[in-house]
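J.: When the letters of the sequence shown are read in order and numbered with the working numbering, they come out as residues 1 to 66.
Backbone N, C-alpha and C fix where the C-beta goes; we use that ideal spot for every residue, glycine too.
Predicted, not measured: the structure shown is a model, and the values here were computed from it.
Please see the structure below; I have some questions.
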Amino acid sequence: MNRMKQEDGMQTELTAEEKSKDEFFERLAKLSQEMVAKHGNDFSMGALVLAARWIAENRAGPLKTN
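Next comes the structure, spelled out in structure tokens:
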């Protein structure tokens with residue numbers, strides 16, 4: 001995906017960090033849509049709020065790899 005950002009009327013290439021954040025937002029959007037479709041709004045919002053709380057409290061834990 002070749003996204004651009006606009007600053008003062010000029011378009012510039014997104015930084016690697018901005019591209020990475022965009023990718024995560026896209027993944028979150030897709031996951032959220034899947035959760036809502038399968039389990040409804042209440043569960044989906046609750047799960048995302050709980051995840052945000054764990055992050056805020058530094059309880060999300062280390063990333064586990066297989």
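Just reading off the alpha helix (DSSP H) that Glu13 is part of, what are its end residues?
T.: Within the sequence shown, residue 13 is the residue found at index 13, counting from 1. Looking at the DSSP string, Glu13 is not in any alpha helix (DSSP H); the run it does join, the beta strand (DSSP E), is Met10 to Glu13.
J.: Just how far apart, CA to CA, sit Thr42 and Leu31?
T.: On the sequence shown, residue 42 is found 42 positions in, with the first residue counted as 1. On the sequence shown, residue 31 is found 31 positions in, with the first residue counted as 1. Sequence check: residue 42 is Asp here, not Thr. Each residue's Cα considered, the two are about 15 Å apart.
J.: Tell me where the alpha helix (DSSP H) around Gly40 begins and ends.
T.: Counted from its first residue, the sequence shown places residue 40 at position 40. Here the alpha helix (DSSP H) through Gly40 covers Ala16 to Ala56.
J.: Would Ala60 pass as a contact of Trp54 if the rule is Cβ separation under 7 Å?
T.: As a first step, residue 60 is located in the sequence shown; it is residue number 60 there, counting from the start. As a first step, residue 54 is located in the sequence shown; it is residue number 54 there, counting from the start. Against a cut-off of 7 Å, the Cβ pair of Trp54 and Ala60 comes out as a contact.
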